[in-house]
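If you use our numbering, the sequence shown closes out at 1646, no skipped numbers anywhere. Cβ coordinates follow ideal geometry from the N, Cα and C atoms, glycine included.
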Amino acid sequence: MNSAKTSYETTLSRYELLLEISRQLNSTLQLDLLLAHITNSAAKLINAEAASILLMDSNTGVLRFEAALDPRGVSYDSFEVPLEGSIAGWVVMNKQPLVIEDVTTDPRFFSQVDEASEFRTRNLMAVPMLTRDRVLGCLEALNKRDGATFTDDDVTTLSTLAAQAAVAIQNARLFEQSDLISEMVHELRTPLAAIKATTYILGRSEIGEDRRRDLLNTIAGETDRLTRMTTEFLDLARMESGRSRLRTSPIDIGPILTSSLQTVQHQANERNLNLDLKLSPMKLPEVLGDGEKIRQVVLNLLTNAIKYNREGGSVTISATHQEETSRIEITVEDTGMGIAEVDLSHMFEKFYRVPDLEGYTSGTGLGLAIAKQIVEGHGGKIWVESKRGVGTRFTFYIPVPKQE
């Protein structure tokens, strides 16, 4: 009787905690904080040593660690887990929970995560994170404390938390998306206002023919800017929402850089700029990626390097195989006016444009944000270095796949 009463009190306490957690999840719209809160809550509810969230990455078609509670403080952000041949992948594809009492006996256990950290998984429970129309990923609890085993009540509790978490994650993503739309609407007002004002002036009878042509050119320029902005906005929105997938295949970086230089050669000629390509080695190893998307990044960097360069300057693009880190590092360096230190940390923010005091075209403010999304979608990183009056160097890398 006392045992039954204790079990009832434990269950009641657990569901009171679950209710409180649910209220907290629904009040959090910042995705990073939300994910951390979910993993903390999962470990606490189930009395587990660790917990993790793996979300579907629609760009690569794999599961990616987005948050993990590890008592040793190890970061798992860089880990990707394949759908085939992993416990989390099985849970996502079958949309069913799974309890493994000894992971060493299960061929689906993806041991690379343990091998790269000090954490050792003994037993594991994983449940799908489902919304009405899709599966977002998988919520895991690892190593039941005190040598205990996971129970049916644990599965029910974690499944309930996962369902609430999935809704909260989707809401947070929608909030971020609506924030992007608000920024876009705000940015559209500037070219629209310019077109409206110019159209009004065109209607006045006293302006001359030369002035009329200038005004028509202004309208054409702002219209082109609106077209670029909406196209780039849709591209960015698709990537951030996970609806744009990378079409990955083995690719050779060298020809992509060569064709990109050929594309911008006429722009460089107009400003008497020298373009230079350096490959080390001349025949680079292949990377796994989306060739068109990588070319998009390269063209964006080259176009900026030409646009913000000084007359008669130079642009150098180089690609180097970094064997020690197994990656191809690509650099675009110019001899332009440079970027002030105060602006460097904002360069990859949406709609950010360096204050323009010298009459250079300001652009849409989305190109570098898109480049960052593409590079990170390939498992790489992009950064910028610059010195005023000397020039700017953008660098990004793409991992080279390990040889079997």
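### Query
Helix, strand or coil for residue 1609 per DSSP?
Correct three-state label for residue 1609: helix.
### Task
Could you name the residues of the same chain whose beta carbon sits closer than 6 Å to that of residue 1453, not counting the 5 residues immediately before and after it, in chain order?
Here the set comprises nothing.
### Task
Going by DSSP, name the residue or residues bridged to residue 1625.
1637.
### Task
Would you grab the beta carbon distance between residue 1642 and residue 1569 for me? Rounded to a whole angstrom, and I think it's under 8 Å.
For residue 1642 against residue 1569, the beta-carbon gap comes to about 6 Å, under 8 Å, which counts as contact.
### Message
Could you tell me the alpha carbon to alpha carbon distance between residue 1595 and residue 1607, rounded to whole angstroms?
### Response
Inter-residue distance for residue 1595 and residue 1607 is about 5 Å (C-alpha atoms, whole angstroms).
### Task
With DSSP as the reference, label residue 1433 as helix, strand or coil.
It is helical.
### Message
Rounding to the nearest angstrom, what Cα-Cα distance links residue 1599 and residue 1400 in this structure?
### Response
With a pLDDT of only 39 at residue 1599, under the threshold of 50, the placement of this residue in the model should not be trusted; the figure read from the coordinates follows. C-alpha separation (whole angstroms): 56 Å.
### Query
Rounded C-beta distance between residue 1544 and residue 1502? I'm assuming under 8 Å.
So it is a contact: roughly 6 Å between Cβ atoms.
### Query
Quick one, are the C-beta atoms of residue 1369 and residue 1339 less than 8 Å apart?
Contact flag set, yes.
### Query
What did DSSP end up calling residue 1582 once you bin it into helix, strand or coil?
DSSP places residue 1582 in coil when its eight states are reduced to three.
### Query
Between residue 1602 and the rest of its own chain, which residues show a CB-CB distance below 7 Å, the 5 nearest in sequence each way excluded?
For residue 1602, the predicted structure reports a pLDDT of 47, less than 50, and the residue's modelled location is therefore unreliable. The matter cannot be settled from this model.
### Task
Starting from the Cα of residue 1529, find the closest Cα among 1466, 1520 and 1622 and give me that residue.
With distances taken between Cα atoms, residue 1529 lies closest to 1622.
### Task
Let me know if residue 1381 comes out buried or exposed under the rule of 16 or more other beta-carbons within 10 Å of its beta-carbon.
By the neighbour-count rule (16 or more Cβ atoms within 10 Å), residue 1381 is buried.
### Task
Specify whether the stretch 1524-1540 and the stretch 1493-1500 touch according to this definition: at least 3 beta carbon pairs, one from each stretch, less than 8 Å apart.
Because the criterion of three Cβ pairs below 8 Å is met, the stretch 1524-1540 and the stretch 1493-1500 touch.
### Task
Identify, in the order they occur along the chain, each residue of the same chain with its Cβ nearer than 6 Å to the Cβ of residue 1322, setting aside the five sequence neighbours on each side.
Taken in chain order, the residues that qualify are 1304 and 1306.
### Task
Decide if residue 1572 is buried, meaning its Cβ has at least 16 other Cβ atoms within 10 Å, or exposed.
Counting other Cβ atoms within 10 Å of its Cβ, residue 1572 reaches 16 or more and is therefore classed as buried.
### Query
When we look at the beta-carbon of residue 1476 and count the other beta-carbons within 10 Å, is it buried (16 or more) or exposed?
Burial call: exposed.
### Query
According to DSSP, is residue 1471 helix, strand or coil?
If DSSP states are grouped into helix, strand and coil, residue 1471 belongs with the helices.
### Task
Mind checking who residue 1307 pairs with in its DSSP beta bridge?
Per DSSP, the beta bridge partners of residue 1307 are 1296.
### Task
Note down the Cα distance separating residue 1372 from residue 1324, rounded to an integer number of angstroms.
Within the model, the alpha-carbon separation for residue 1372 versus residue 1324 is close to 19 Å.
### Task
Taking residue 1505 as part of the alpha helix (DSSP H), name the residues at either end of that continuous run.
1495-1512 is the span of the alpha helix (DSSP H), which, as asked, contains residue 1505.
### Query
Alpha carbon to alpha carbon, how far is residue 1626 from residue 1275?
Distance from the CA of residue 1626 to the CA of residue 1275, rounded to the nearest whole angstrom, comes to 27 Å.
#### Entry: Nearest neighbour of residue 1513, chosen from 1520, 1490, 1554 and 1536 [CA to CA]
Each of 1520, 1490, 1554 and 1536 was checked against the Cα of residue 1513, and the nearest Cα belongs to 1554.
### Query
What is the DSSP secondary structure of residue 1279, reduced to helix, strand or coil?
Reduced to three states, the DSSP call for residue 1279 is helix.
### Task
Out of 1612, 1561 and 1615, point me to the one whose CA is closest to residue 1637's CA.
Nearest of 1612, 1561 and 1615 to residue 1637, Cα basis: 1561.
### Task
Hey, could you find the ends of the beta strand (DSSP E) residue 1592 is sitting in?
Element bounds for residue 1592: n/a, residue is neither H nor E.
### Task
Drop a sphere of 10 angstroms on the beta-carbon of residue 1442, count the other beta-carbons inside from all chains shown, and report buried for 16 or more, exposed for fewer.
The residue in question, residue 1442, is exposed, as its Cβ has fewer than 16 Cβ neighbours within 10 Å.
### Query
Once you ignore the five residues that flank residue 1478 on each side, which residues in its own chain have a CB closer than 8 Å to its CB?
Excluding residues up to 5 positions away in sequence, 1422, 1592, 1608, 1611, 1612 and 1615 lie with their Cβ nearer than 8 Å to the Cβ of residue 1478 in the same chain.
### Task
Please report how far the alpha carbon of residue 1461 lies from the alpha carbon of residue 1557, in whole angstroms.
Annotation: residue 1461 to residue 1557 spans about 31 Å, alpha carbon to alpha carbon.
### Message
Report the start-end ranges of each beta strand (DSSP E) in the stretch 1314-1372 that is 3 residues or longer and not cut off at the edges.
### Response
If we require 3 residues or more, the beta strand (DSSP E) runs fully inside the stretch 1314-1372 come out as 1340-1342 and 1366-1372.
### Query
So what's residue 1531 in DSSP terms, helix, strand or just coil?
DSSP places residue 1531 in the strand class (E or B) of the three-state scheme.
### Query
In whole angstroms, what is the alpha-carbon distance linking residue 1634 and residue 1272?
Roughly 33 Å separates the two Cα atoms.
### Task
On the DSSP bridge assignment, give the partners of residue 1520 in chain order.
Answer by DSSP bridge pairing, in chain order: 1560.
### Task
Would you check if the distance between the CB atom of residue 1345 and the CB atom of residue 1377 is smaller than 8 Å?
No, the Cβ-Cβ distance between residue 1345 and residue 1377 is not below 8 Å.
### Task
Going by CA-CA distance only, name the one from 1351, 1392 and 1374 that's closest to residue 1288.
Residue nearest to residue 1288 within the set 1351, 1392 and 1374 is 1392 (criterion: CA-CA distance).
### Task
Closer than 8 Å by C-beta to residue 1449: which residues in its own chain qualify, once you throw out the five before and the five after it? Chain order, please.
Taken in chain order, the residues that qualify are 1443 and 1457.
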